[in-house]
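Colleague:
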Amino acid sequence: MRMAEHPARRRLSAALDTLSVTFQGMTAHPDEHNCECHWGSPQELSLLKTPDVELDPDLLRRTWRATDWGDHSAVLRRILPQFATALVAGRVEPLFGLEEAGYSFARARWQQWPDEHADPVGEFLRAWWVQSLTDPDAAVPAHQVFAMCAEASGTVGPWLAAWDKETGHLSDRRLAEAAAEWEYELLGDGLPWHVDWYEHDEEEMRIELTTWLLGPATVRLRESGAPADLQHRIRLLGLPERDRYTDPHWPGHRY
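Residue numbers (our numbering): 394 to 648.
#1: Kindly indicate which three-state DSSP category Thr460 falls into: helix, strand or coil?
#2: Would you call the segment 433-447 and the segment 411-425 touching, i.e. three or more CB-CB distances under 8 Å?
#3: How about Ser434 and Leu469: are their beta carbons less than 8 Å apart?
#4: Once the 5 residues before and after Thr411 are set aside, which same chain residues still bring their CB inside 8 Å of it?
#5: Taking DSSP as the reference, what is the three-state secondary structure of Phe539?
#6: Here's a check: name, in chain order, each residue in its chain whose Cβ is nearer than 7 Å to the Cβ of Ala477, leaving out the five neighbours to either side.
#7: In terms of alpha-carbon separation, which member of Gly618, Asp582, Leu614, Ile627 lies closest to Glu634?
#8: Gly550: which of Asp565, Glu574, Glu601, Asp589 sits nearest, CA to CA?
#9: For the alpha helix (DSSP H) holding Gln358, just list the boundary residues, first then last.
#10: From Arg455, Val414, Lys558, Val523, pick the residue whose C-alpha is nearest to that of Cys430; which is it?
This is the structure:
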């Protein structure tokens with residue numbers, strides 16, 4: 394199969410095209426405003442009220458990161474085709490982690506939009522997630538896409554369910570990479586990314602992710618040949634805190 398024919402890439406490309414069509418002509422609210430000192434100039438603000446004009450990367454970054462829009466939903470709709478394309482290409486550089494981009498989706502409450510708007514957003518997130526697991530040329534590491542999708546949706550369940558269905562060698566390798574990134578925080582009973590949106594239940598997401606890693610993921614890590622020390626660190630998640638510290642395979646983490 395030629396790389397151009399990769400099914401996950403085709404699906405993602407179609408999802409991006411649908412976003413472009415769906416949100417074509419969208420603008421920020423006519424009365425939208427923001428602090429000139431901290432966000433940008435009146436001329437830049439006017440671009441958000443002008444449909445289909447490409448924003449320069451710095452203006453796009455300031456726009457999706459701003460938390461004080463009067464109508465954040467309208468602002469996200471305005472930038473969504475360009476924002477989604479930048480996300481997939483790995484051109485979005487958050488201050489801390491890609492979950493910050495997820496906060497922008499969460500603040501817009503996209504899941505409450507009419508179906509003709511919410512469905513293309515949901516398909517974009519699902520298509521991007523599968524592409525990050527199965528496309529060897531994916532630009533963004535799968536664990537970062539996972540955190541972004543979890544924060545955008547407020548749950549880890551659908552993304553873990555999709556991972557269950559992707560059982561190929563590359564998806565298993567992505568699992569080992571993610572587990573290596575996550576084990577430190579999880580062994581300290583923390584979520585491996587920062588939860589910023591007040592409606593999201595951080596503890597619920599941590600428990601669900603840990604339970605999955607101790608279940609289906611454990612078998613896949615073993616069968617995929619993940620390093621033994623990584624497998625032991627995931628195993629330790631199933632032990633009470635005191636037993637973790639006294640286990641001979643405790644990695645010596647300090648919190």
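Don't be surprised by glycine CBs; every beta carbon is placed ideally from N, CA and C.
Modeller: On the basis of the data shown:
#1: Under the three-state reduction of DSSP output, Thr460 falls in the coil class, being neither helix nor strand.
#2: Note that the segment 433-447 touches the segment 411-425; at least 3 beta-carbon pairs, one per stretch, sit closer than 8 Å.
#3: Cβ distance not < 8 Å, so Ser434 and Leu469 don't count as in contact.
#4: Around Thr411, the same chain offers Pro513, Glu516, Phe517 as residues with beta carbons nearer than 8 Å, after the five sequence neighbours per side are excluded.
#5: Annotated three-state conformation of Phe539 is helix, per DSSP.
#6: Counting only Cβ-Cβ distances below 7 Å, and skipping sequence neighbours, we find Leu409, Leu412, Phe517.
#7: Nearest of Gly618, Asp582, Leu614, Ile627 to Glu634, Cα basis: Asp582.
#8: Checking every option, the nearest Cα to that of Gly550 belongs to Glu601.
#9: Given that the chain is displayed from residue 394 to residue 648, the structure contains no residue 358 and the question cannot be resolved.
#10: With respect to the C-alpha of Cys430, the residue from Arg455, Val414, Lys558, Val523 having the closest C-alpha is Arg455.
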